[in-house]
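Accompanying notes for the structure given below.
Residue numbers (the numbering used here), protein chains in the order written: chain A, 263 to 437; chain B, 86 to 311.
This is how it looks when you write it as structure tokens:
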């Protein structure tokens with residue numbers, strides 16, 4: 263993108279015609295990003311709304327498509343940080359700042375299933391199974407217990423031990 | 086099984102509920118993060134609801150109507166420190182309100198016109214030898230000023246006055262740009278708006294009729310008052 267001094271940019275660069283085009287083109291990946299960071303629909307929707315309500319205001323019409331996306335991502339980062347600060351007093355999850363600009367936003371959260379797959383593979387069979395049933399396949403505790411042939415109380419214990427171990431192994435994998 | 090903070094969080098998460106307030110320690114937060122990753126990896130659960138997308142669009146459109154029209158002046162944008170940091174990090178100039186009605190953006194759709202004085206004459210602005218191919222010359226005839234340039238042996242001349250608020254442009258020869266000292270607008274030598282930081286792109290520069298006559302470059306300009 264040809265740019266001149268002083269942060270100006272070419273008006274012939276690919277830009278959005280109006281705010282509606284920005285919204286239509288970016289709402290899905292912003293929502294997906296937020297969902298991957300909070301794991302529930304209601305909060306992901308509120309956070310997505312927060313991003314667009316805040317970001318559309320100061321954006322320049324002439325900002326190029328990559329600039330708009332980068333700006334939305336930075337706004338999402340700030341909005342998510344403030345959300346966790348309020349809910350938990352700390353950053354439970356965060357949005358990384360340094361993402362290569364060539365990446366299409368649609369692919370932003372796409373390494374998540376791989377990461378979860380690797381995480382699960384490190385666990386003992388029954389731990390992996392309970393997490394798969396509960397988190398990935400949406401079974402109730404009762405259904406999961408029946409699938410695994412254990413008591414409900416047992417399934418609950420398994421689930422929380424499995425999560426502890428997954429969290430520990432995730433910590434080790436990243437540190 | 087003493088970890089009530091994590092249990093409450095996970096139960097809510099698996100029921101699809103909003104995150105409740107809590108004060109987790111490091112390891113509890115790590116478990117929450119793992120739970121979120123697991124939950125978010127569930128297939129088909131990460132697309133936004135159509136109702137939500139439509140509703141948010143409507144809310145944003147409501148903001149559009151409430152936003153006062155900029156009327157040609159730069160809106161003062163008040164933003165929180167967090168966002169200031171975000172915009173600084175991305176190097177964006179904050180100054181244009183996208184939520185302003187789109188009509189104002191279209192009010193001056195640029196078309197490049199030719200300067201046609203009611204009474205004009207051909208007036209010399211320089212010698213042909215002074216203007217090689219790819220070069221540009223500034224001229225000032227009193228009533229009008231501008232720049233003439235030669236590309237592929239063809240001559241073109243444009244006005245030297247910015248179409249935004251009338252400041253005099255200067256020739257940035259190495260960049261082949263005409264630059265406005267007032268608001269950093271720049272134009273190509275052909276007169277097209279190249280960069281600007283204004284709410285609306287200023288129209289392109291008017292052109293002059295230009296010709297070569299016995300080794301002299303002439304532009305068609307208003308006749309000098311007697």
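Glycine residues also receive a C-beta, built at the ideal position from the N, C-alpha and C atoms.
Who are the neighbours of residue 102 of chain B on chain A, taking C-beta pairs under 7 Å? Near residue 102 of chain B (Cβ distances below 7 Å), the residues of chain A are 302.
Would you check if the region 376–395 of chain A and the region 341–360 of chain A touch, i.e. whether three or more CB-CB distances between them fall below 8 Å? No, the region 341–360 of chain A is not in contact with the region 376–395 of chain A.
### Query
Taking the alpha-carbon positions, what's the residue 113 of chain B to residue 392 of chain A distance?
Looking at the two C-alpha atoms, the distance is approximately 19 Å.
Rounded separation between residue 244 of chain B and residue 250 of chain B - CA only:
Answer to the nearest angstrom: the Cα atoms are 13 Å apart.
Residue 219 of chain B: CB within 7 Å of a non-hydrogen atom of the ligand SAH:
By its list of ligands, the structure shown contains no ligand whatsoever, and the ligand SAH lies outside what it can speak to.
### Message
Would you say residue 412 of chain A lies against chain B (beta-carbon separation less than 8 Å)?
### Response
Residue 412 of chain A does not count as touching chain B.
Applying the criterion that 16 or more other CB atoms from any shown protein chain within 10 Å of the CB defines a buried residue, is residue 298 of chain A buried or exposed? Answer is buried; the Cβ neighbour count reaches 16.
- When burial is assigned at 16 or more other CB atoms within 10 Å of the CB, is residue 181 of chain B buried or exposed? The pLDDT assigned to residue 181 of chain B is 41, lower than 50, so where the model puts this residue is not dependable; a value taken from the coordinates is nonetheless given after this. Counting Cβ neighbours within 10 Å, residue 181 of chain B comes out buried, since at least 16 surround it.
Query - Beta carbon of residue 296 of chain A nearer than 8 Å to that of residue 304 of chain A - result: No, the Cβ-Cβ distance between residue 296 of chain A and residue 304 of chain A is not below 8 Å.
Could you check where the beta strand (DSSP E) with residue 291 of chain B kicks off and where it finishes?
Neither: residue 291 of chain B is in no beta strand (DSSP E) and is coded neither H nor E.
If you measure beta-carbon to beta-carbon, which residues of the region 383–408 of chain A are closer than 8 Å to chain B?
Per Cβ criterion, the list reads 393, 396, 397, 398, 399 and 400.
_One question on the structure: do residue 124 of chain B and residue 397 of chain A come within less than 8 Å of each other, judged by their Cβ atoms?_
Yes, these two residues count as a Cβ contact at 8 Å.
With 16 as the cutoff for other CB atoms within 10 Å, does residue 274 of chain B come out buried or exposed? Buried, because 16 or more other Cβ atoms sit within 10 Å of the Cβ of residue 274 of chain B.
Notebook entry, point to check: Are any of the Cβ atoms in chain C nearer than 8 Å to that of residue 342 of chain A?
Noted result: Among the protein chains in the structure shown, which are A and B, there is no chain C.
Q. Around the Cβ of residue 106 of chain B, are there at least 16 other Cβ atoms within 10 angstroms (buried) or fewer (exposed)?
A. Exposed.
Using only CA atoms, which one of B:276, B:139 and B:216 lies nearest to residue 237 of chain B? Nearest of B:276, B:139 and B:216 to residue 237 of chain B, Cα basis: B:216.
| Mind checking if residue 109 of chain B is an interface residue toward chain A, Cβ cutoff 8 Å exclusive? | Output row for residue 109 of chain B: interface = yes.
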